[in-house]
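J.: Take a look at this one; I'll ask things after.
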Amino acid sequence: MSLDSFRAAGDVFRTARWRSCVSRCYYAAFSIAVSALEGNVSFPRGREASSHAILPDLVRQHLSRIGVTQRREIAACLRRLYSVRLVADYRSRLTLDEATARAGLTDVVRIYRLLGVDYAD
Numbered sequence: 536m537s538l539d540s541f542r543a544a545g546d547v548f549r550t551a552r553w554r555s556c557v558s559r560c561y562y563a564a565f566s567i568a569v570s571a572l573e574g575n576v577s578f579p580r581g582r583e584a585s586s587h588a589i590l591p592d593l594v595r596q597h598l599s600r601i602g603v604t605q606r607r608e609i610a611a612c613l614r615r616l617y618s619v620r621l622v623a624d625y626r627s628r629l630t631l632d633e634a635t636a637r638a639g640l641t642d643v644v645r646i647y648r649l650l651g652v653d654y655a656d
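When the sequence shown is numbered by the working numbering, its final residue is 656 and no position is left out of the sequence of numbers.
Dropping the structure here:
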């Protein structure tokens, strides 16, 4: 799911659809973070993931296969992506630009690298 969202983010970036790009970036990051937490965290009954708001804290506290600095960096990327995703999806009067979308793509790539995920086609 993560790589599908990341590739979709790249597709919509190339067509200058900044909101869609940001939203797809967030879901790429969310999916890979949740996947990385499997086996370390129990999610609420009937759910395959945590709530969006607490995901960065879960990464910082429970993603023990990587170092503390890397966990903090992933959590910071997740917070930025979630914040801008809320703007993209719910704040129609605010504008998003190419730089914001590019920063989203950069954050997702950073998370992939920190987790050792091959994201290239």
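Yeah, the Cβ is synthetic: ideal placement off N, Cα and C, and Gly gets one too.
According to the neighbour-count rule (16 or more other Cβ atoms, all chains shown, within 10 Å of its Cβ), is Ile589 buried or exposed?
T.: Position 54 of the sequence shown, counted from the first residue, corresponds to residue 589. That one is exposed.
J.: Short of 7 Å in beta carbon distance, which residues of its chain neighbour Arg575, apart from the five on each side in sequence? Order them along the chain.
T.: Position 40 of the sequence shown, counted from the start, is the residue given in the question as residue 575. The residue you asked about is not Arg; residue 575 is Asn in the sequence shown. For Asn575, where only same-chain residues beyond five positions count, the Cβ hits under 7 Å are His597, Leu598 and Ser599.
J.: Just to confirm my understanding: we take Ser555, look at its own chain, exclude 5 residues before and 5 after, and list those with CB closer than 6 Å. What are they?
T.: Counted from its first residue, the sequence shown places residue 555 at position 20. So the list reads Val547, once near-sequence residues are dropped.
J.: Within the chosen definition, does the segment 601-608 reach the segment 628-639 through at least 3 CB pairs nearer than 8 Å?
T.: In short, these stretches do not touch, since the Cβ pair count stays below three.
J.: Ala551 to Glu573, Cα distance in whole Å?
T.: Residue numbering aside, residue 551 sits at position 16 when the sequence shown is read from its first letter. Residue numbering aside, residue 573 sits at position 38 when the sequence shown is read from its first letter. So the two alpha carbons sit approximately 34 Å from each other.
J.: Using a Cβ-Cβ cut-off of 7 Å (strictly less than) and excluding sequence neighbours within five positions of Ala564, which residues of its own chain qualify?
T.: Taking the first residue of the sequence shown as 1, we reach residue 564 at position 29. The answer, listed in chain order, is Cys612, Leu613, Leu616, Asp642, Val643 and Ile646.
J.: In chain order, what residues of the same chain have a beta carbon less than 7 Å from the beta carbon of Ala620, not counting five sequence neighbours either side?
T.: Locating residue 620 in the sequence shown gives position 85, where the first residue counts as 1. Sequence check: residue 620 is Arg here, not Ala. Closer than 7 Å at the Cβ level, and outside the excluded window around Arg620, lie Val557, Ser558 and Tyr561.
J.: Use the C-beta contact count for Ala610: other C-beta atoms within 10 angstroms, 16 or more gives buried, fewer gives exposed.
T.: To locate residue 610, count along the sequence shown from 1; it is residue 75. Buried: at least 16 other Cβ atoms inside 10 Å.
J.: Checking the sheet assignment: what are the DSSP bridge partners for Val576?
T.: Start at 1 with the first residue of the sequence shown, and residue 576 comes out as number 41. BP columns for Val576 point to Glu573.
J.: Below 8 Å between beta carbons: does that hold for Trp553 and Asp632?
T.: Residue 553 sits at position 18 when you count from the first residue of the sequence shown. Residue 632 sits at position 97 when you count from the first residue of the sequence shown. Yes, Cβ-Cβ distance for Trp553 and Asp632 is below 8 Å.
J.: Give the straight-line distance between the Cα atoms of Leu593 and Ala568, rounded to the nearest whole angstrom.
T.: Translated into positions along the sequence shown, residue 593 becomes position 58. Translated into positions along the sequence shown, residue 568 becomes position 33. Approximately 9 Å between the Cα atoms of the pair.
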